[in-house]
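Those letters in the sequence shown? Residues 0 to 705, per the numbering used here, in order.
Idealized CB from N, CA, C, for every residue including glycine.
Since the structure is predicted, the reported quantities are computational estimates derived from the model, not experimental observations.
Worksheet for the structure shown next.
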Amino acid sequence: MSATTGMTHCPYCALQCAMRVAPETPGGAPVVSPEEFPTNRGGLCRKGWTAADLLASPDRLTQPLLRGSDGELHPVGWGQALDYVVRAVRETTAESGPDAVGLFGGGGLTNEKAYLLGKFARVALGTSRVDYNGRFCMSSAAAAANRAFGLDRGLPFPVEDLGDADSILLLGSNVADTMPPFVQHLSAARQTGGLVVVDPRRSATAALTDDGGGIHLAPAPGTDMALLLGIAHVVVHEGLGDKAFTAEHTTGYAAVVRSLNAYWPERVQAITGVPAPKIRETAHRLAAGASRGKREGRGAYVLTGRGVEQHADGTDTTAAAINLALLLGLPGTSHSGYGTITGQGNGQGGREHGQKCDQLPGYRSISDPSARRHVADVWGIDADSLPDAGVPAVELLASAGAPGGISTLFIHGSNPAVSAPDAARVTERLRSLDHLIVCDFFLSETAAEASLVLPVTQWAEEEGTMTNLEGRVLRRRQSVQAPEGVRTELWMWSELAQRLGAPSCFSPDPETVFEELRLASAGGRADYSGIDYQLLDSGTPVYWPYPAGSSGTPRLFLGGFAHDDGRAVFHPVRPSGRSEQAGRVLSLITGRLLAHYQSGAQTRRVAELSDAAPEPLLQVHPSTAASIGAGDGEMVELSSPAGTARCRVKRSVDIRPDTVFMPFHFPGAGRANLLTCDDVDPVSAMPEFKRSLVSLRVVAPEGETV
Ligand SMILES: Nc1nc2c(c(=O)[nH]1)N[C@H]1C(S)=C(S)[C@@H](COP(=O)(O)OP(=O)(O)OC[C@H]3O[C@@H](n4cnc5c(=O)[nH]c(N)nc54)[C@H](O)[C@@H]3O)O[C@H]1N2
Ligand SMILES: Nc1nc2c(c(=O)[nH]1)N[C@H]1C(S)=C(S)[C@@H](COP(=O)(O)OP(=O)(O)OC[C@H]3O[C@@H](n4cnc5c(=O)[nH]c(N)nc54)[C@H](O)[C@@H]3O)O[C@H]1N2
Ligand code: SF4
Ligand SMILES: [Mo]
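See the structure below:
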């Protein structure tokens, strides 16, 4: 047995905790055991511990399912299934052109799959209509980081660097539930009282600030930008900033300082509900960390999560967080910085290799002629034959079955019937497609709508690489045999490309695909050309950019930012009028529970996890619950401009009275996304997931009004 036998990484989040998946006794069912790795240091969360249940689940799909004339899904062979796909693509393309075929990918796909999916779209199908669920996840943070630094890598430093921090400002992130082993990296900041958590709820992470651990700021939902401007106002007006840094390493300082003038702490208190003294205390705390960083190497970090990014102004709110970090002189130093906490298993790699509608592998722009030439040369095609940029996720899904839109759609690694905004309308759109082809290993709510379901391998059944939240590339090894009847997505694209007569090679072998990805990424912003499977097996930490001949880049920007002049760019931002109504309306915020992952398609099938959280519960402040006469466990109907949903009430003093919280992991009438609308951020096209205006009323469980 080699040292790497059974060694793999978790199927879920971007921390990519290391684990071994192997039978306890020869021939027995596989079990998970944690492994020592810098991100998890031997820890796993409950989802990781129970992940082997996914491999043995009785719900596992093992045969393609084709919808028959009776409207039901029936098992068919792979030959028949692939014939169906080829016919669907040919029919749609002949009728309406290649852009009538769409692909929707996922940030959980390996780098190899994300890469080949983008290539399959552009080369085998010739369509521009490809995008992915990372649009719902990372797009605002990516847009803001690209604008400010010229490059987006979630954490531009190893996660372990946080372990030395004096102060950490954590905005809209609940790592104690979403990445439990990550909490270890916050312990030094907590010991010095330097953890500042910004969340309208006293989340499990906000509770880490108790007992001298730090400060919890609970702004009204959607008012984070004003809060950040308030903190930055104090930094500038009390002379706490790093003027030498801003003079030497940034552009746009004067404009950003002007933009802060109207955000003195008392005014920000009126907008956000955060007391002015706490705003001042936060600014001083971060500034103290920043200067301690310069003296002793124990610095300050500003980190953002989905709570501040998933808004219709998420890019600008993230920009406000970056501006604050720049004023304090944090980014581009070895002891301080700004980062976003990437969410999905391969949320980082998934955004670099061409699933995004405007990108080619290596984080290249599809509208850049030299990038097109480079990638077309690797693919052995003419650059002019590459489609132009397509449309982002919300627009792509909204165009399903609509005139001029897509009429055939492939979905790989996403369950938009539960997770997309305005999910009822998205489901209707999916139903109006001529052909919906879903690849999954479970019959997700989206797969249940498909005309064809293709059963594919999952994490520990296949080889591939992932790029975690720090930009570290790692191997997710095959540890168990896949059940008979399932195929890898690489095999499937390879077969389909051949049948469709694609003018390039589509290998079914992950290592061969990775070798091609290296070439395609060479010279791009996310350059993987110096990485190969042997290097990854050697245990050396591997961070991109990793050009051939280099030794990779654990810490970005130490020698300057990625803009041509080496400087970071301040982007002045201003809150829209929307945030001013905070406190006078009831806001629904949505997010995650420890026990479930995303749309719940996987974790709802793990008994221990579904027992822990069997249904959605609406977190409501007791005073708000009393105002509508709702007791614990009572069923309420929530109404928003997008629609209505139902769930039971869980009263809690850990949330603002003007705010209710609902997890989005559940299907049916308890779907949080029945309430979210498809407003998007103008820069990133990120939907407004985090805040919807709602009203509540108590209903009888059967649905009658009480
Ligand atoms: N258990 C679990 N872990 C996961 C996942 C999962 O589904 N389940 N998914 C993974 C993925 S893909 C992602 S993207 C990450 C997400 O990880 P997080 O960003 O930590 O998760 P969320 O729960 O979406 O949001 C975090 C917090 O934002 C708060 N929030 C909501 N609205 C606002 C607001 O307007 N302002 C502020 N300041 N805060 C707000 C919520 O109360 C919540 O506590 O988690 C990853 N890990
Ligand atoms: N209201 C609200 N909505 C949200 C969010 C929120 O905070 N609030 N968060 C958003 C965020 S950050 C995200 S990332 C999205 C995530 O939401 P989704 O995009 O729906 O992600 P998952 O639930 O992980 O769906 C993955 C599906 O793909 C399958 N799958 C897993 N791995 C593979 C694979 O390798 N290949 C194939 N073919 N299938 C695979 C799983 O079985 C599952 O059915 O939800 C977004 N939606
Ligand atoms: S924290 Fe994330 S990667 Fe680690 S075990 Fe939990 S779900 Fe898996
Ligand atoms: Mo995400």
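What are the residues that DSSP puts in a beta bridge with Pro29?
The count along the sequence shown starts at 1 and reaches residue 29 at position 30. DSSP, once it has assigned bridges, lists Pro22 as partnering Pro29.
Indicate whether Leu43 and Met6 have their beta-carbon atoms separated by less than 9 Å.
Counting from one through the sequence shown, the residue named residue 43 turns up at place 44. Counting from one through the sequence shown, the residue named residue 6 turns up at place 7. No.
So Leu326 is in the beta strand (DSSP E); what residue range does that whole segment cover?
As a first step, residue 326 is located in the sequence shown; it is residue number 327 there, counting from the start. Where Leu326 is concerned, there is no enclosing beta strand (DSSP E), although the alpha helix (DSSP H) it sits in stretches over Gly313 to Leu326.
Who does Met465 pair with in a DSSP beta bridge?
In the sequence shown, residue 465 corresponds to position 466, counting from 1. Its beta-bridge partners are Leu473.
At a cut-off of 8 Å, is Phe440 close to ligand 2 when judged by its beta-carbon and the heavy atoms of the ligand?
Here residue 440 refers to the residue found at position 441 when the sequence shown is read from its first residue. For ligand 2, at least one heavy atom lies less than 8 Å from the Cβ of Phe440.
On a Cα-Cα basis, can you pick out the residue from Cys9, Met634 and Asp433 that is closest to Arg647?
For the purposes of this step, residue 647 is taken as the residue at position 648 of the sequence shown. Of the candidates Cys9, Met634 and Asp433, the one whose C-alpha sits nearest the C-alpha of Arg647 is Met634.
Quick one: Cα of Asp312 to Cα of Tyr83, how far?
Translated into the one-based positions of the sequence shown, residue 312 becomes position 313. Translated into the one-based positions of the sequence shown, residue 83 becomes position 84. Near 42 Å, if we compare the C-alpha coordinates of Tyr83 and Asp312.
Under 8 Å from any heavy atom of ligand 1, does the C-beta of Phe665 make it?
By 1-based counting over the sequence shown, the position of residue 665 is 666. The answer is no for Phe665.
How is Asn672 classed by DSSP in three states: helix, strand or coil?
Sequence index remark: in the sequence shown, residue 672 carries index 673 (1-based). In this structure, Asn672 counts as helix in the three-state DSSP scheme.
Might you give, ordered along the chain, the residues of its own chain that have their beta carbon closer than 7 Å to the beta carbon of Ala80, omitting 5 neighbours on each side?
For the purposes of this step, residue 80 is identified with residue 81 of the sequence shown, where counting begins at 1. Excluding residues within five positions, the ones whose Cβ falls inside 7 Å are Pro63, Leu65, Leu451 and Leu453.
Under 8 Å: do the region 346-360 and the region 97-107 share three or more Cβ pairs, one atom per stretch?
Touching, per the Cβ criterion.
Per the contact definition of three or more C-beta pairs closer than 8 Å, is the region 530-543 in contact with the region 214-223?
The answer is no - the region 530-543 does not touch the region 214-223, with fewer than three Cβ pairs under 8 Å.
Tell me, please, whether the region 591-607 touches the region 173-185 by the rule of three or more beta-carbon pairs shorter than 8 Å.
Result yes; three or more Cβ-Cβ pairs closer than 8 Å.
Between Gly463 and Arg471, is the Cβ-Cβ spacing less than 9 Å?
Position 464 of the sequence shown, counting from 1, holds the residue named residue 463. Position 472 of the sequence shown, counting from 1, holds the residue named residue 471. Not a contact, by the Cβ cut-off of 9 Å.
Leaving out five residues on either side along the sequence, give the residues of the same chain with a beta carbon under 6 Å from the beta carbon of Pro10.
Position 11 of the sequence shown, counted from the first residue, corresponds to residue 10. Excluding residues within five positions, the ones whose Cβ falls inside 6 Å are Ala50 and Trp458.
Alpha carbon to alpha carbon, what distance is there between Thr245 and Leu150?
Translated into positions along the sequence shown, residue 150 becomes position 151. Translated into positions along the sequence shown, residue 245 becomes position 246. Rounded to whole angstroms, Leu150 to Thr245 spans 19 Å at the Cα level.
Any heavy atom of ligand 4 within a distance shorter than 8 Å of the CB on Phe660?
As a working note, residue 660 is residue 661 in the sequence shown. No.
How about Ala243 and Gly328: do their beta carbons lie closer than 9 Å?
Looking up residue 243 in the sequence shown gives position 244. Looking up residue 328 in the sequence shown gives position 329. A contact, by the Cβ cut-off of 9 Å.
On a CA-only basis, which of Leu608, Pro218, Ser139 and Phe556 is nearest Gly196? Give me that one, please.
As a working mapping, residue 196 is identified with position 197 in the sequence shown. For the record, residue 196 in the displayed sequence is Val; it is not Gly. Considering only alpha carbons, the answer is Pro218.
With a threshold of 6 Å on Cβ separation, who are the neighbours of Ala324 within its own chain once the five nearest residues in sequence on each side are excluded?
As a first step, residue 324 is located in the sequence shown; it is residue number 325 there, counting from the start. Hits under 6 Å: Val301, Pro330 and Tyr337.
In chain order, what residues of the same chain lie with their CB nearer than 6 Å to the CB of Val705, ignoring the 5 residues before and after it?
Position 706 of the sequence shown, counting from 1, holds the residue named residue 705. Note on Val705: pLDDT 48, under 50, position unreliable in the model; no value is reported.
Bridge partners for Met491 per DSSP, in chain order?
Position 492 of the sequence shown holds residue 491. Its beta-bridge partners do not exist; DSSP assigns none.
Return the first residue and the last residue of the alpha helix (DSSP H) that Gly229 is part of.
Start at 1 with the first residue of the sequence shown, and residue 229 comes out as number 230. Gly229 -> alpha helix (DSSP H) spans Asp223 to His236.
Which parts of the region 148-187 are runs of the beta strand (DSSP E), unbroken and 3 residues or longer, counting only runs that do not cross its ends?
Complete beta strand (DSSP E) runs here, min 3: 166-170.
Run the CB neighbour count on Val158, radius 10 Å, all protein chains shown included, and call it buried at 16 or more, exposed below.
The count along the sequence shown starts at 1 and reaches residue 158 at position 159. Label assigned to Val158: buried.
Is Gly27 buried or exposed, if buried means 16 or more other CB atoms sit within 10 Å of its CB?
Stepping through the sequence shown from its first residue, residue 27 is reached at position 28. The residue in question, Gly27, is exposed, as its Cβ has fewer than 16 Cβ neighbours within 10 Å.
Can you list, in chain order, the stretches of the beta strand (DSSP E) that have 3 or more residues and sit fully within the region 253-316?
Segments of the beta strand (DSSP E) lying fully in the region 253-316: 299-303.
Looking at C-alpha atoms only, which residue of Ala449, Ser166, Gly344 and Asp383 is the closest neighbour of His334?
Locating residue 334 in the sequence shown gives position 335, counting from the first residue. Looking at the Cα atoms, Ser166 is the closest of the given residues.
According to the Cβ coordinates, are Val417 and Glu444 closer than 9 Å?
Taking the sequence shown and counting its residues from 1, one reaches residue 417 at position 418. Taking the sequence shown and counting its residues from 1, one reaches residue 444 at position 445. Yes, the Cβ-Cβ distance between Val417 and Glu444 is below 9 Å.
Over the uninterrupted alpha helix (DSSP H) stretch that includes His373, give me the two end residues.
Residue mapping note: residue 373 aligns to position 374 of the sequence shown, counting from 1. His373 -> alpha helix (DSSP H) spans Pro368 to Trp378.
Looking only at C-alpha atoms, which of His434, Asp130 and Ala282 sits nearest to Gln358?
Stepping through the sequence shown from its first residue, residue 358 is reached at position 359. It is Asp130.
Verify the CB distance criterion: does Asn467 have a CB-CB separation below 9 Å to chain C?
Structure shown: chain C not included; a single protein chain is present.
If you run the structure through DSSP and keep just helix, strand and coil, what is Thr245?
Position 246 of the sequence shown holds residue 245. In this structure, Thr245 counts as helix in the three-state DSSP scheme.
Hey, out of Gly240, Thr339, Ser258 and Ala320, whose CA is closest to Lys293's CA?
Along the sequence shown, one-based indexing puts residue 293 at 294. It is Gly240 whose Cα lies nearest to the Cα of Lys293.
Taking 8 Å as the cut-off, does the CB of Asp176 come closer than this to any heavy atom belonging to ligand 1?
The residue given as residue 176 occupies position 177 in the sequence shown. Answer for Asp176: yes, Cβ within range of ligand 1.
Thr91 and Gly125: beta carbons closer than 9 Å?
Position 92 of the sequence shown, counting from 1, holds the residue named residue 91. Position 126 of the sequence shown, counting from 1, holds the residue named residue 125. The answer is no: Cβ separation not under 9 Å.
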